[in-house]
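Heads up: the structure comes next, in structure tokens.
There are 4 protein chains.
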Amino acid sequence: MSSNFGKEIQISIFGQSHSEAIGVVIDGLPAGEEIDLERIQAFMGRRAPGQHKYATPRKEADIPKVVSGLFEGKTCGAPICAVIENTNTRSKDYSKLVDAPRPGHADFTAAVKYGGFQDYRGGGHFSGRLTAPLCFAGAVCMQILERKGIHIGSHILSIHGEKDLPMDDVEITAAQLREVTAKTFPVFSDGAGERMKEVIEAARMEGDSVGGVVEAAAVGLPVGIGEPMFDGLESRLAAILFAIPAVKGVEFGAGFQAAELYGSENNDAFYYDEMGCVKTKTNHHGGSLGGISSGMPLTVRVAFKPTPSISKEQQTIYLSRKEGQQLQVTGRHDPCIVPRAVPVVEAALAVGLMDLYLMKH
Amino acid sequence: MSSNFGKEIQISIFGQSHSEAIGVVIDGLPAGEEIDLERIQAFMGRRAPGQHKYATPRKEADIPKVVSGLFEGKTCGAPICAVIENTNTRSKDYSKLVDAPRPGHADFTAAVKYGGFQDYRGGGHFSGRLTAPLCFAGAVCMQILERKGIHIGSHILSIHGEKDLPMDDVEITAAQLREVTAKTFPVFSDGAGERMKEVIEAARMEGDSVGGVVEAAAVGLPVGIGEPMFDGLESRLAAILFAIPAVKGVEFGAGFQAAELYGSENNDAFYYDEMGCVKTKTNHHGGSLGGISSGMPLTVRVAFKPTPSISKEQQTIYLSRKEGQQLQVTGRHDPCIVPRAVPVVEAALAVGLMDLYLMKH
Amino acid sequence: MSSNFGKEIQISIFGQSHSEAIGVVIDGLPAGEEIDLERIQAFMGRRAPGQHKYATPRKEADIPKVVSGLFEGKTCGAPICAVIENTNTRSKDYSKLVDAPRPGHADFTAAVKYGGFQDYRGGGHFSGRLTAPLCFAGAVCMQILERKGIHIGSHILSIHGEKDLPMDDVEITAAQLREVTAKTFPVFSDGAGERMKEVIEAARMEGDSVGGVVEAAAVGLPVGIGEPMFDGLESRLAAILFAIPAVKGVEFGAGFQAAELYGSENNDAFYYDEMGCVKTKTNHHGGSLGGISSGMPLTVRVAFKPTPSISKEQQTIYLSRKEGQQLQVTGRHDPCIVPRAVPVVEAALAVGLMDLYLMKH
Amino acid sequence: MSSNFGKEIQISIFGQSHSEAIGVVIDGLPAGEEIDLERIQAFMGRRAPGQHKYATPRKEADIPKVVSGLFEGKTCGAPICAVIENTNTRSKDYSKLVDAPRPGHADFTAAVKYGGFQDYRGGGHFSGRLTAPLCFAGAVCMQILERKGIHIGSHILSIHGEKDLPMDDVEITAAQLREVTAKTFPVFSDGAGERMKEVIEAARMEGDSVGGVVEAAAVGLPVGIGEPMFDGLESRLAAILFAIPAVKGVEFGAGFQAAELYGSENNDAFYYDEMGCVKTKTNHHGGSLGGISSGMPLTVRVAFKPTPSISKEQQTIYLSRKEGQQLQVTGRHDPCIVPRAVPVVEAALAVGLMDLYLMKH
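Those protein sequences? They're chains H, V, E and R, same order as listed.
First residue of the first sequence: 1, per this note's numbering; consecutive thereafter.
First residue of the second sequence: 1001, per this note's numbering; consecutive thereafter.
First residue of the third sequence: 2001, per this note's numbering; consecutive thereafter.
First residue of the fourth sequence: 3001, per this note's numbering; consecutive thereafter.
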């Protein structure tokens, strides 16, 4: 059940890095929603490898084939299943890794957990490749949410400490989100973006890798989305965000910074705007009070560790011989997965928000 | 369903700040587990108000009455229900708040969500008081986990930026965790603790409040706890941690700091220790690889915002009149909830780990 | 998690026959629903023992105390918890049963499942007494459903083969359901009722017991309640009905009889009635087509086995000595639980339908 | 979420009668289980149409393509996804049915529920064709269960009242179950089988259809499978059985007949057999006491209504014109789906039992 998410909708992700196919089943969507497959393809293209020189040169078609759930271009009440064939896989690259768990990967924990029966090729079910079906599901949800006035977008906030301008968490608009996500390298400051690319390129030259932080927002959420306690916005969204490989931290609103503010600073004053809508002057709460949307932009930052696959020599173990060994991971790797992770964060938020949206509608 | 958590076990929390009682039902625990109610009472005492001068002077007995699920002192396979009566409540304190949502609280979002039918007294179901039953559930789980060699503990890492010594994420032991959690003010450096208390006292004098960060660890977890994707350690534990009121950020292992490391720094090298166990030399992964326990200490940091209830005048709105107003929250408030939140974090981890532990055992 | 039911709402039942209390937590109900506790008490009175001479003379107050979830008489979005104290319990009656599993009870299976740690007193968590909290939950749901025009009622269709008139599955109305359920002995034909009572009394005289069938209906369901496959009306309602102790069969519409009809007989012809509503001329489908409500009365029959507690000598085993023994169950027993089971069936349907109703509303 | 089933494992069924493909994702299976795909194919062949003259002449390859979850022939901890392409579909047959809901089908209820957006071709997601992926999932589970000594089998108990010999619910063995399920027409008495075929053929000649009852058993279940209340054997198995299209009744053990027995007859006396195992002399409880397996054969009977698709003229409505019309359903139909439903019942039981088996193992 671990590869299932959702209460109102349910997504079931399947596949391994080198299985015949990967994909997702999405159950519980409202019927009659038009789904534009080309837009989905474009969205998934943002995640696909091989598009930038600072990303892995491995090319994958990643064309999802929708085999069910759409009828005459619209959701029909039946589960949508999208299948993505695994085409460009080189299993031989990974053969020697059976016995040498890569540091920072799930190789070791999976080997113990599954008693050696795990599909170790390319990380198996733990591969970052499994974010492709999550992107599909997110892209579907996003189209439905947009029709309800909810827009999700994100940018790279930092790479290895090199920072973009922060998002304006009070004034950010759907148009601004659309604009930044439309960029090949989604940052507000293109100068910062250039510096980030240099950091990535430098790491690549060293056979090393870097991490970063993605900052995302959802605007247009009506007040009242999210349930108390365990189905609060933060609980549910963190649950799906932490399911993205390499995520090690999630914070909403002021996040860890809130721990250093006074209550009188952190509390966001309420007021009525000129339209008679309740707003807050600041948005340290990140759009969520008591786990329920306040009508202010929902803001979240997601920390990604550096890609664990690096060319540099590392120390690991021989599982069978119970001794240490030096390991050099060959093959095609991203020196930084953050640029490709941006749409994945958006997709995760879309799935999570779609689910919460339906809880009381 | 929002006040339910768990897949193998299930906890159902009920109650409002001023309802007749609050409590929890815990279903799915293994039978035959001895439960020491005095230890539970002692654990809950760590969360109870009125014990420190830097905490709220409101005193609550908080004595959980176990009305089912134990037989001859042991779990018997039937759900445990513990009921905690609400005794020392002063509803009048809150009466004028119906129409004046307190900044930083769920008053506004709940009013909209529930169409005005919410129990607004003392925050209702959103009150921090509801962490008492969570503590009960956590204390029960902790006793079972300890019998399996799993120990959970935590300390205050910082209050308003005033920092304790960090935990040694590689060498930390059950004994050290027990020692620090046994302190009235759980910090490794008592000097740092004194400075934190001063910060809290200063805020109290100002009618203001401060937040902080709790750092927790679980040691003794066997390799293989946690499931891929949405039932990974981080996903499930973040989901329950973010359900604690005032939590705005959660990070595991190196967390947000990992985003600034090179892969070659962040990757934790594997080796066999003298006992033939697989260990890692560093623990940036925080005990979780691919969402599955590695056998290293599980480490997590949880950011708490400053208590939203402050005596200082704040700006809010009249919901009925659709206009602004100034608000001064009276009553008894914690200038900092972090010290009382420490056992709540431990309890949340215990419930989350108990659930994951049972997934494949 | 086994004592939890529901996806949109969730009920969590706790307690054992002889624990301090039994009760239920109900989460997920809409806010603002007025709940009449006196009507609930009256409903639960129909299930309570000691009201008829043909029922057990054991008297229980069965007064549910609502400790949370209601505010000013209405649901407030927080979980409702009702606690029913166990007062009139005689644990000594059961002491010798530890080692002698009663035929037809869960004593043996529970002893094995829980390794001897089960609460064996009075059947523990398996006791029919645990249907009292289910009745509470059902009574709450029923009040909400009635406000939406949905009415549930039932009658005793047969006791030990002695039959009442069958329900008119096409024309049955809310008024008729209310009328029959208002009777102390809910049958359409009071003559049949008298014969049933004689059958029960004769069994009682013999120290024996009898079973029977309850037939229930829900009218006023809008078209479209129920989801395809595993959340279909029949699937979800059967799941909750079979959780009632002693239920061994459930059928909807024509049920087992449908297996003996021709398709041309069993298919229910559609037509527009004078109000322009789609109806069917017959109702072999029992109000459900593809698991989704058709607008016709939902009809279901539930078979109850005879009470397993009988005074007659029975053959069983000594678990500790691994040998056979003769057993005579003493204490206070219902010679027939069917009359008291009638409201339990209604309650189960109400909970199940409330849950399904909320799935898409 | 309605097309998902299971708590420990989770199956997600997708597809419509005329979508590109149908299939299933199975998550949560133990790793390292060898899966024989040829045996699965053979099992699914029992459900496939076109094999008997008394079944629909429509031929479908129904070859499931496993695209994930198996590695070197064994389960690897990742979800299994099987895709079955829809090849031999004739959409034109159904085009005129958009506006004319077929009596006994979900056409009308689905049209209302989904606001006209449902995939009406061939019943869409409600088609009996969707039992093919359920069979796949069941066949996988069956192989795992068999390795644990649990065997499931069934026979046609009756067709339109024409009866087979009943199963010996005390003595039935795995070998006997294997033998009867190996038959093309699975009945104990081949004479009865011939009479059933005649009944079916006669209905076919009339353009009519007949229903019947499938009786199934699971032997070798250890004592202790199933949880109290809502996760009891009967609750969970009924939930999945009623998800099979056309099922209108489910009974366990003596079922509805139990309602006509005295307690002294219905109670099954316990004894120790020569191996020191606890057995019961009779098996009216059908292998389940308190929802938990007793070690005796689990027995269940499932009533199927006659196929609603008949060639005879029927009365229905024009949805658009809001008036009545006569309808003659053309196309290829089974005059009796019971023979093909036999493996579906077994598959449903296998999935349900696999899930319950894992709950406490």
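The C-beta atom is built at its ideal place from N, Cα and C for all residues, glycine as well.
Just so you know, these numbers come straight off a predicted model, no measurement behind them.
Inspect the beta-carbon positions of residue i and residue j and report whether they are closer than 7 angstroms.
{"i": "E/P2297", "j": "E/I2172", "result": "yes"}
{"i": "E/S2068", "j": "E/C2076", "result": "no"}
{"i": "E/S2320", "j": "E/D2119", "result": "no"}
{"i": "H/G212", "j": "V/A1259", "result": "yes"}
{"i": "H/F188", "j": "H/V24", "result": "no"}
{"i": "H/T307", "j": "H/S209", "result": "yes"}
{"i": "H/K148", "j": "R/F3117", "result": "no"}
{"i": "H/E313", "j": "H/Q326", "result": "yes"}
{"i": "E/E2265", "j": "E/F2252", "result": "no"}
{"i": "E/I2150", "j": "E/G2220", "result": "yes"}
{"i": "R/L3237", "j": "E/T2109", "result": "no"}
{"i": "H/L29", "j": "H/I13", "result": "no"}
{"i": "V/R1204", "j": "V/E1162", "result": "no"}
{"i": "H/L70", "j": "H/I35", "result": "yes"}
{"i": "H/E346", "j": "H/S158", "result": "no"}
{"i": "R/T3316", "j": "R/P3133", "result": "no"}
Under the rule that 16 or more other beta-carbon atoms within 10 Å means buried, what is residue i, buried or exposed?
{"i": "H/T299", "result": "buried"}
{"i": "E/R2301", "result": "buried"}
{"i": "E/C2141", "result": "buried"}
{"i": "E/K2360", "result": "buried"}
{"i": "R/E3215", "result": "buried"}
{"i": "R/L3365", "result": "Nothing about residue 3365 of chain R can be reported from this structure: the residues present for chain R run from 3001 to 3361 only."}
{"i": "R/A3021", "result": "buried"}
{"i": "H/K197", "result": "buried"}
{"i": "H/R47", "result": "buried"}
{"i": "E/R2178", "result": "exposed"}
{"i": "R/P3222", "result": "exposed"}
{"i": "H/T181", "result": "buried"}
Throw me the rounded Cβ distance for the residue i and residue j pair, which I believe falls under 8 angstroms.
{"i": "E/G2291", "j": "E/P2335", "result": "Incorrect: roughly 37 angstroms between the Cβ atoms, too far for contact."}
{"i": "H/G124", "j": "R/A3031", "result": "Between R/A3031 and H/G124 the Cβ distance is about 11 angstroms, and since that is not below 8 angstroms, they are no contact."}
{"i": "V/A1348", "j": "V/I1225", "result": "Between V/I1225 and V/A1348 the Cβ distance is about 16 angstroms, and since that is not below 8 angstroms, they are no contact."}
{"i": "H/I156", "j": "H/P186", "result": "6 angstroms"}
{"i": "R/K3322", "j": "E/Y2272", "result": "6 angstroms"}
{"i": "E/F2270", "j": "R/P3103", "result": "6 angstroms"}
{"i": "R/A3217", "j": "R/M3275", "result": "Not a contact, Cβ separation roughly 20 angstroms."}
{"i": "R/A3341", "j": "R/I3200", "result": "Not quite, the Cβ-Cβ distance comes to about 13 angstroms (not below 8 angstroms), so this is no contact."}
{"i": "H/S19", "j": "V/F1230", "result": "At roughly 19 angstroms, the Cβ-Cβ gap does not stay under 8 angstroms, so H/S19 and V/F1230 are not in contact."}
Requested in this report: With 8 angstroms as the limit, tell me which residues of the region 1125–1145 of chain V have their beta carbon closer than that to any beta carbon of chain E; keep them in chain order.
Outcome: H1125
Query raised in the report: Name the residues in the region 10–27 of chain H whose C-beta lies less than 8 angstroms from a C-beta of chain R; which are they?
Result: Q10, S12, I13, F14, G15, Q16, S19, E20, A21, I22, G23, V25, D27
Query raised in the report: Which ranges would you report for the alpha helix (DSSP H) in the region 172–207 of chain H if only whole runs of at least 4 residues count?
Result: 174–182, 190–205
Query raised in the report: Taking any Cβ of chain H, which residues in the region 3101–3120 of chain R have a Cβ under 9 angstroms from it, in chain order?
Result: So the close ones are A3110, K3113, Y3114, G3115, G3116, F3117, Q3118, D3119, Y3120.
Query - chain R contacts from the region 2265–2286 of chain E (Cβ-Cβ distance under 9 angstroms) - result: E2265, N2266, N2267, D2268, A2269, F2270, Y2271, Y2272, G2276, V2278, T2280, K2281, H2284, H2285, G2286
**Report entry** Contacting positions in the region 2067–2083 of chain E - beta carbon closer than 9 angstroms to chain V
**Finding:** V2067, S2068, G2069, L2070, F2071, E2072, K2074, T2075, C2076, G2077, A2078, P2079, I2080, C2081, V2083
Requested in this report: Return the residues of the region 25–45 of chain H that lie within a Cβ-Cβ distance of less than 8 angstroms from chain R, sorted by chain order.
Outcome: Correct list: V25, D27, G28, A31, G32.
Requested in this report: List in chain order: all unbroken alpha helix (DSSP H) runs of 4+ residues lying wholly within the region 1290–1356 of chain V.
Outcome: none
Query raised in the report: What runs of the alpha helix (DSSP H), each 4 residues or longer, lie entirely inside the region 11–75 of chain H?
Result: 37–47
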